[in-house]
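What follows is a single structure, written as structure tokens, with notes after it.
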Amino acid sequence: MPKKRDFILIGVLLVIALAGLAVTRLLQHQSGASVTITVGGEVYGTYPLNQSREIEISDDKGYNKVVIENGIVHMEDADCPDQYCVQHAAIRSSHETIICLPHELVVEITGGESSDVDIITQ
Amino acid sequence: MTKKLTISALLVALAMILSYVEVLIPFNFGIPGIKLGLANLVVVVALYLLDARQALIISVVRILLVSFTFGNMAALLYSIAGGLLSFIVMVLCRKIKGLSTMGVSVAGGISHNIGQILVAVFVVKNLNLLFYLPVLMIAGIITGFLIGLVAGLIIPSVRKALQL
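As you go down the protein sequences, you meet chains A and B in turn. In terms of our numbering, the numbers along the first sequence are unbroken and rise by one, the last being 1196. In terms of our numbering, the numbers along the second sequence are unbroken and rise by one, the last being 739.
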């Protein structure tokens, strides 16, 4: 049966996770400027976030179709077995990623500036 | 010896069935890629009823068999990484006095997810994947909690049934 120390351990781990979540939210709060796609760590292409377009990536690892639409990005289609990248929610803020692990592909929002700073400096 | 072998084989078979059940009926947590990891129940039980060496063999054999049969080979590297890290952490946590299957399983669940994301960081060469860590930790706590709860409940009966 669970003991006191089990709950202490779970409590500590939960606090660490929630603190991490807060830091993550804070860093991903900035809006991004461009979309970078990498395959196996190599940059495939960088595209402005404010221009709608469809990007099809096809190589020996597989096929992916990334769609940039109204400042948000999602994986429209992929032929990977797990389809996690297609199910992944659309991204828009800096440091946010959509990953297709079987294809070693990462869609990443980059080059963001904090919108808060913009408002303050205006 | 024969008894040890038979029990190990039985547990491997059970782990495979549990993995298959999860393929048929995925326990969806609303986050793509997050699984309950029912087969880890077998590993936790083995860790308490048998010795660490045997539990390790059961864990590795079921990962290989599941990947070869109804898993996918692309995921094998991640399964092995998560499985091994989680196993090492659980063996260490089991030695801590005052921790039950619950704490051990939660530590195992979290380290399983950490092991997988670390391999992923190396494969795609992108540190931004670490932003998934907090969510994966929370998922590991929940799945580890459930597995640990069930393990704690069934270990006494399994021990009795197998006359260990």
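From the three backbone atoms N, C-alpha and C, an ideal C-beta is built for every residue, glycine too.
By the three-class DSSP mapping on this structure, what secondary structure does residue i have?
| i | result |
| --- | --- |
| residue 576(B) | coil |
| residue 1078(A) | helix |
| residue 1179(A) | strand |
| residue 1132(A) | strand |
| residue 1138(A) | strand |
| residue 1148(A) | strand |
| residue 597(B) | helix |
| residue 1127(A) | strand |
| residue 1122(A) | strand |
| residue 1154(A) | coil |
| residue 729(B) | helix |
| residue 609(B) | coil |
| residue 1167(A) | strand |
| residue 671(B) | coil |
Please classify residue i: is it buried, with 16 or more other beta-carbons within 10 angstroms of its beta-carbon, or exposed?
| i | result |
| --- | --- |
| residue 1170(A) | buried |
| residue 669(B) | buried |
| residue 600(B) | exposed |
| residue 634(B) | buried |
| residue 688(B) | buried |
| residue 643(B) | exposed |
| residue 738(B) | exposed |
| residue 1091(A) | buried |
| residue 682(B) | buried |
| residue 576(B) | exposed |
| residue 1102(A) | buried |
| residue 1161(A) | exposed |
| residue 1075(A) | exposed |
| residue 736(B) | exposed |
| residue 706(B) | buried |
| residue 1093(A) | exposed |
Taking the Cβ atom as the reference point for each residue, do residue i and residue j lie within a distance shorter than 8 Å?
| i | j | result |
| --- | --- | --- |
| residue 646(B) | residue 680(B) | no |
| residue 1095(A) | residue 607(B) | no |
| residue 1179(A) | residue 1113(A) | yes |
| residue 712(B) | residue 685(B) | yes |
| residue 715(B) | residue 1083(A) | no |
| residue 1105(A) | residue 1167(A) | yes |
| residue 596(B) | residue 729(B) | no |
| residue 734(B) | residue 624(B) | yes |
| residue 1129(A) | residue 1115(A) | no |
| residue 583(B) | residue 641(B) | no |
| residue 1181(A) | residue 1164(A) | no |
| residue 1079(A) | residue 690(B) | no |
With hydrogens ignored, establish whether the beta-carbon of residue i is closer than 7 Å to any heavy atom of the ligand MG.
| i | result |
| --- | --- |
| residue 1138(A) | With respect to the ligand MG, the structure offers nothing, as it holds no ligand at all. |
Take residue i and list the residues in its own chain whose beta-carbon comes closer than 6 Å to its own, dropping the five residues that flank it on each side.
| i | result |
| --- | --- |
| residue 1185(A) | 1107 and 1108 |
| residue 602(B) | 611 |
| residue 1159(A) | 1149, 1152, 1172 and 1174 |
By Cβ distance below 8 Å, which residues in the same chain neighbour residue i in space, the five residues on each side in sequence not counted?
| i | result |
| --- | --- |
| residue 695(B) | 653 and 704 |
| residue 675(B) | 723 and 727 |
| residue 1156(A) | 1175 and 1176 |
Closer than 7 Å by C-beta to residue i: which residues in its own chain qualify, once you throw out the five before and the five after it? Chain order, please.
| i | result |
| --- | --- |
| residue 1153(A) | 1136 and 1137 |
| residue 1124(A) | 1145 |
| residue 655(B) | 638 |
| residue 598(B) | 645 |
Below 8 Å, can you find three or more Cβ-Cβ pairs linking the segment 658-672 of chain B to the segment 582-601 of chain B?
no
Decide yes or no for the touch test of the segment 1122-1142 of chain A against the segment 610-625 of chain B: beta carbon pairs closer than 8 Å, at least 3 of them.
No, they do not touch.
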